[in-house]
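57 is the number of the first residue of the sequence shown in the numbering used here; add one for each residue after it.
All C-beta atoms, glycine included, are put in the ideal place defined by N, C-alpha and C.
If you're wondering where the values come from, they're calculated on a predicted model, not measured in any experiment.
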Amino acid sequence: MKKSGYLRLSTDADSIAASDLISSDLKEIGIAAKKLAADAIKLGGLGFGTTFLQWVASIAAIYLLILDRTNWKTNILTGLLVPYIFFSLPWVLFNFFSGQVGKWIAFIAVILRLFFPQRFPDWLELPAALILILVVAPSLFSHTLRSSWIGAAICLVIGCYLLQEHIRASGGFRNAFTRPHGVSNTIGIILLLVYPVWAIIVHFL
């Protein structure tokens, strides 16, 4: 009888210990899940911010490219906007223009430039060069460097150089922000700096 009672007590103690162990494991799983969810939300927010700024930077670069080729002639090296757009272009647009659509555009542009130069306007040279680079760029540039912090660093160097050249061409920092046509260029170039700075910070977090 005493032995039966001892066995019952021992069984109850084992079941309580097992229950406590399961409860502890469930708590740890819950804590791990909460941490995983928090990290996922954080990374998702950072990724969304990077993509959004990528769109902003690309639009600003295209705006500067069009502005410089049509309205306000500046002394800045507008050709540097081509590699900037190459490294900052969102993947949706990059895949679209580096595919069959881009190949057709590049093919037509080359044919016009070679055989009908009088029908090929000067302002189309840089956009055509951009499409051609998107199509023929090797994977080292189109995927490896674009996906790494090196591509963002190249964009940052280009943005800084264009900003200082624009300020110099405007006659000083104050004129860059006071001239009617200079303000739009200044804001556009500043927007070029936001994306690479953010991308590099996110990469090293």
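{"query": "Among the residues of its own chain, which have a CB less than 7 Å from the CB of ALA116, if the five just before and after it don't count?", "result": "GLY244, LEU247, LEU248"}
{"query": "Contact check, SER144 vs GLN110 under 8 Å by CB: the rounded distance?", "result": "6 Å"}
{"query": "Pick helix, strand or coil for SER154, following the three-state DSSP scheme.", "result": "coil"}
{"query": "Using 8 Å for Cβ pairs, my map puts LEU121 next to LEU182. What's the rounded Cβ distance?", "result": "6 Å"}
{"query": "Let's test the definition: count the other Cβ atoms within 10 Å of the Cβ of ARG202 and tell me whether it reaches 16, buried, or not, exposed.", "result": "buried"}
{"query": "Between ILE214 and the rest of its own chain, which residues show a CB-CB distance below 7 Å, the 5 nearest in sequence each way excluded?", "result": "LEU136, PRO139, TYR140"}
{"query": "For PHE150, count the other beta carbons within 10 Å of its own beta carbon; 16 or more makes it buried, fewer makes it exposed. Which is it?", "result": "buried"}
{"query": "Please report the straight-line C-alpha distance between GLY100 and VAL258, rounded to a whole angstrom.", "result": "Per-residue confidence for GLY100 stands at a pLDDT of 49, beneath the threshold of 50, marking its modelled position as unreliable; no derived number is given."}
{"query": "Flag this pair as yes or no: are the beta carbons of LEU212 and VAL250 separated by less than 8 Å?", "result": "no"}
{"query": "With the cut-off set at 8 Å, would you say ILE256 and ALA209 are in Cβ contact?", "result": "yes"}
{"query": "Distance check for GLN174 and ARG224, CA to CA, integer angstroms please.", "result": "35 Å"}
{"query": "Which two residues bound the contiguous alpha helix (DSSP H) that contains TRP205?", "result": "205-226"}
{"query": "Around the C-beta of VAL191, are 16 or more other C-beta atoms found within 10 angstroms, so that it is buried, or is it exposed?", "result": "buried"}
{"query": "Whole angstroms are fine: how far does the CA of ILE187 sit from the CA of PHE172?", "result": "19 Å"}
{"query": "Please name the residue in TRP179, THR242, TYR119 whose C-alpha comes closest to that of TYR217.", "result": "THR242"}
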